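The listed protein sequences derive, respectively, from chains A and B. Sequential numbering of the first sequence, starting at 236, is according to our numbering. Sequential numbering of the second sequence, starting at 236, is according to our numbering. Worksheet for the structure shown next.
2 protein chains.
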Amino acid sequence: MSLLDRFLQKDEVALSRLISYVENQAPDYRKILSSLYSRTGKAYRVGITGPPGAGKSTLVDKLSCDLIQNGNEVGIIAVDPSSPFTGGALLGDRIRMQDLTTKKGIFIRSMATRGSLGGLAFATKEVSLLLDAFGKDFILIETVGVGQIELDIVDACDTTLVVFVPESGDSIQAMKAGLMEIADIFVVNKADREGANRIVSELDMILDVRRKKGEWNYPVVSTEAVNNKGIDDLLKKIKEHRKYITENHLLEKHRKEQIKSELKKIMELKLKELIEKNLNDANLDQLAEKVYSGQEDPYSAGEKILENLNL
Amino acid sequence: MSLLDRFLQKDEVALSRLISYVENQAPDYRKILSSLYSRTGKAYRVGITGPPGAGKSTLVDKLSCDLIQNGNEVGIIAVDPSSPFTGGALLGDRIRMQDLTTKKGIFIRSMATRGSLGGLAFATKEVSLLLDAFGKDFILIETVGVGQIELDIVDACDTTLVVFVPESGDSIQAMKAGLMEIADIFVVNKADREGANRIVSELDMILDVRRKKGEWNYPVVSTEAVNNKGIDDLLKKIKEHRKYITENHLLEKHRKEQIKSELKKIMELKLKELIEKNLNDANLDQLAEKVYSGQEDPYSAGEKILENLNL
């Protein structure tokens, strides 16, 4: 039986292998995605981001358990823009998550940065397509708050949560610019700690400016993920947001925009491959020599190569 | 007088404006770089990276002062892969650097992440070309250690320093994989603090494996940048490394490799522009509709568009 057949029969080993195919851009990975695409579109994607130590992993664990208890299948993607200084451990250990993998209906995949960061956001979308085609009802995408990549990733989700802890009070002002715009629901986790009420009020104050009557109200939810408190409330808010964006055709609009940027990305990748394929190594070496010796500049040389390529 | 003429007459305002052109990919920015390219190749590029709080900025300040006292002109690029959670302040305040800007022969430019991270490394190279063409003898590129981008940036330098402090002992093991490979000189800054000797020994122990007789010996230099101690020693090591890679033709080889990746990047950008230019918006909307409704998958659709484009 082929890998694809096994995937269609919900074999998780086949799913894992196809994900690796896609991550590594193995030959024909686009053909695989192309053939599975008609099975996608059903899964609902929830993005979870926030500073390191905010308890995102625990929150994701508890949300997943609640979701499967309600009869849903869940896929989890943990994206880790690894740092050479922390050895890629920004997301903390996923050891406890391994408990989850034994639960039926939950599939977990960690994705770390290899090669280009720009590619990571795109690969995340493609892995999420596979989980979707596999039959997952919810896909939870967890990413740590360190930069632009994660904005790209959560922007591709349907509902985005930003998680804070009482200690992160000071950082709210600082991060206002980037993340406030993409978050749909704000979570104050570890809400039993000192300062929790203050941070909820601060968030409410900032959000009041954006809240408009009859529109989505950007709720702030308090949770204690470790003690399983507030998870049901959070899930309720996620479902409310889903209902809101569905009824107002915002989900459809957002997904179409996503498709357009996917189309552009797919074309870029294809062209990049064509360059690699058509580029004669000897020719490139020759040009590099010319540029190095000052006979040519790389900008003119680059255009010249393009003109001579058989694209 | 044109901007370019003023640049050639060493007008720093013109330099600043051309850098902004390049950063923003203003129309014709490639023509500008193309026309200035023959003036480049003289500057020596030193990359400085390390964890936040290691004192990189102070080190860069002191190195610059030493270099100009020896009759060199210095350009500084401070690259900041800004985080939405820290508000882009990873590199710390550059306020004290403003003292430097009043010194003749030193030019400082901060570059933050806007848009894609992948683009940042490339833009840094292009800005460094401008500084080179402007007549700088040394370009110091400072970047904080948070991920792949900075590996790309320092990889484009001729000599790379990685800066530690006594407190970062634990992280050395963790970061071995990524950064040890690109560093040419290791710096233990704030060497008056407890634990400095231990970290120097640890580094020496790790490096002994790589040190081969007759090859570059990967020195570990202790500094107290704030007190201007060890800077002369560090500068000596930088010059030794320069001599080593020049005499062994490693500099030439490395720069040719860099030119090749530049050529590829230039072609990719050019193709991306061509896609944008030739892409009919209405057509893209139509295709997105088809993909959304499930009549087509984006992979086949993307290839179809490419075939019909007049590239």
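The C-beta atom is built at its ideal place from N, Cα and C for all residues, glycine as well. Nothing here was measured: the structure is a model prediction, and the numbers come from that model.
Cβ distance (whole Å) where residue i is taken to contact residue j below 8 Å
{"i": "residue 456 of chain B", "j": "residue 465 of chain B", "result": "6 Å"}
{"i": "residue 510 of chain B", "j": "residue 503 of chain A", "result": "7 Å"}
{"i": "residue 396 of chain A", "j": "residue 281 of chain A", "result": "7 Å"}
{"i": "residue 340 of chain A", "j": "residue 424 of chain A", "result": "In fact, because the Cβ distance is near 24 Å, the residues do not count as touching under 8 Å."}
Nearest residue (CA-CA) to residue i, options the options
{"i": "residue 496 of chain A", "options": "A/248, A/238, A/419 and A/388", "result": "A/388"}
{"i": "residue 513 of chain B", "options": "B/525, B/543 and B/535", "result": "B/543"}
{"i": "residue 311 of chain A", "options": "A/243, A/292 and A/515", "result": "A/292"}
{"i": "residue 358 of chain A", "options": "A/247, A/486 and A/261", "result": "A/261"}
{"i": "residue 534 of chain A", "options": "B/244, B/521, B/246 and B/271", "result": "B/271"}
{"i": "residue 386 of chain B", "options": "B/254, B/476, B/418 and B/539", "result": "B/418"}
{"i": "residue 338 of chain B", "options": "B/474, B/366 and B/308", "result": "B/308"}
{"i": "residue 360 of chain B", "options": "B/500, B/541, B/539 and B/525", "result": "B/500"}
{"i": "residue 506 of chain A", "options": "A/541, A/368 and A/423", "result": "A/541"}
{"i": "residue 379 of chain B", "options": "B/481, B/515, B/286 and B/431", "result": "B/286"}
{"i": "residue 276 of chain B", "options": "A/371, A/461, A/528 and A/537", "result": "A/528"}
{"i": "residue 436 of chain A", "options": "A/482, A/355 and A/401", "result": "A/401"}
{"i": "residue 243 of chain B", "options": "B/289, B/391 and B/368", "result": "B/368"}
{"i": "residue 251 of chain B", "options": "B/269, B/345, B/279 and B/278", "result": "B/345"}
{"i": "residue 362 of chain A", "options": "A/427, A/278 and A/515", "result": "A/278"}
{"i": "residue 474 of chain A", "options": "A/451, A/526, A/444 and A/488", "result": "A/451"}
{"i": "residue 449 of chain B", "options": "B/467, B/429, B/301 and B/483", "result": "B/483"}
{"i": "residue 461 of chain B", "options": "B/481, B/428, B/480 and B/447", "result": "B/428"}
{"i": "residue 463 of chain B", "options": "B/300, B/241 and B/240", "result": "B/300"}
{"i": "residue 487 of chain B", "options": "A/366, A/240, A/453 and A/525", "result": "A/525"}
{"i": "residue 467 of chain B", "options": "B/238, B/305, B/288 and B/245", "result": "B/305"}
Span separating the alpha-carbon of residue i from that of residue j
{"i": "residue 266 of chain A", "j": "residue 398 of chain A", "result": "37 Å"}
{"i": "residue 249 of chain B", "j": "residue 415 of chain B", "result": "38 Å"}
{"i": "residue 376 of chain B", "j": "residue 303 of chain B", "result": "16 Å"}
{"i": "residue 532 of chain B", "j": "residue 439 of chain A", "result": "42 Å"}
{"i": "residue 247 of chain A", "j": "residue 342 of chain A", "result": "8 Å"}
{"i": "residue 493 of chain B", "j": "residue 253 of chain A", "result": "34 Å"}
{"i": "residue 520 of chain A", "j": "residue 421 of chain B", "result": "33 Å"}
{"i": "residue 256 of chain A", "j": "residue 538 of chain B", "result": "20 Å"}
{"i": "residue 523 of chain B", "j": "residue 391 of chain A", "result": "15 Å"}
{"i": "residue 294 of chain B", "j": "residue 469 of chain B", "result": "10 Å"}
{"i": "residue 364 of chain A", "j": "residue 268 of chain A", "result": "8 Å"}
{"i": "residue 536 of chain A", "j": "residue 498 of chain B", "result": "7 Å"}
{"i": "residue 478 of chain A", "j": "residue 471 of chain A", "result": "11 Å"}
{"i": "residue 298 of chain A", "j": "residue 476 of chain A", "result": "16 Å"}
{"i": "residue 490 of chain A", "j": "residue 480 of chain A", "result": "11 Å"}
{"i": "residue 453 of chain B", "j": "residue 446 of chain B", "result": "7 Å"}
{"i": "residue 515 of chain B", "j": "residue 508 of chain B", "result": "13 Å"}
{"i": "residue 366 of chain A", "j": "residue 430 of chain A", "result": "38 Å"}
{"i": "residue 530 of chain B", "j": "residue 355 of chain B", "result": "38 Å"}
Environment of residue i [buried if 16+ CB atoms lie within 10 Å]
{"i": "residue 263 of chain A", "result": "exposed"}
{"i": "residue 258 of chain B", "result": "buried"}
{"i": "residue 517 of chain A", "result": "exposed"}
{"i": "residue 459 of chain A", "result": "buried"}
{"i": "residue 433 of chain A", "result": "exposed"}
{"i": "residue 394 of chain B", "result": "buried"}
{"i": "residue 284 of chain A", "result": "buried"}
{"i": "residue 236 of chain A", "result": "exposed"}
{"i": "residue 273 of chain B", "result": "exposed"}
{"i": "residue 296 of chain A", "result": "buried"}
{"i": "residue 371 of chain B", "result": "buried"}
{"i": "residue 444 of chain A", "result": "exposed"}
{"i": "residue 240 of chain B", "result": "exposed"}
Chain E contact for residue i (CB, 8 Å cutoff)
{"i": "residue 292 of chain A", "result": "No chain E is part of this structure, whose protein chains are labelled A and B."}
Contact residues within the stretch 523-538 of chain A, judged by C-beta distance below 8 Å to chain B: Going along the stretch 523-538 of chain A in chain order, one finds 523, 524, 526, 527, 529, 532, 533, 534, 535, 536, 537 and 538 with a Cβ nearer than 8 Å to chain B.
Chain-ordered residues of the stretch 495-525 of chain B with a beta carbon less than 9 Å from chain A: Going along the stretch 495-525 of chain B in chain order, one finds 495, 497, 498, 499, 500, 501, 502, 503, 504, 505, 506, 507, 509, 510, 511, 514, 519, 520, 522, 523 and 524 with a Cβ nearer than 9 Å to chain A.
Contact set between the stretch 480-491 of chain A and chain B, restricted to residues whose Cβ is under 8 Å from the partner: With the criterion set as a beta carbon lying under 8 Å from some beta carbon of chain B, the members of the stretch 480-491 of chain A are 487, 490 and 491, in sequence order.
Near-chain B residues of the stretch 238-258 of chain A - C-beta to any C-beta below 9 Å: Cβ contacts with chain B: none found.
Under 7 Å (Cβ pairs) to chain B, residues found in the stretch 443-457 of chain A: Along the stretch 443-457 of chain A, there is no position whose C-beta sits under 7 Å from a C-beta of chain B.
Chain B contacts from the stretch 458-480 of chain A (Cβ-Cβ distance under 8 Å): Closer than 8 Å at the C-beta level to chain B, one finds no residue of the stretch 458-480 of chain A.
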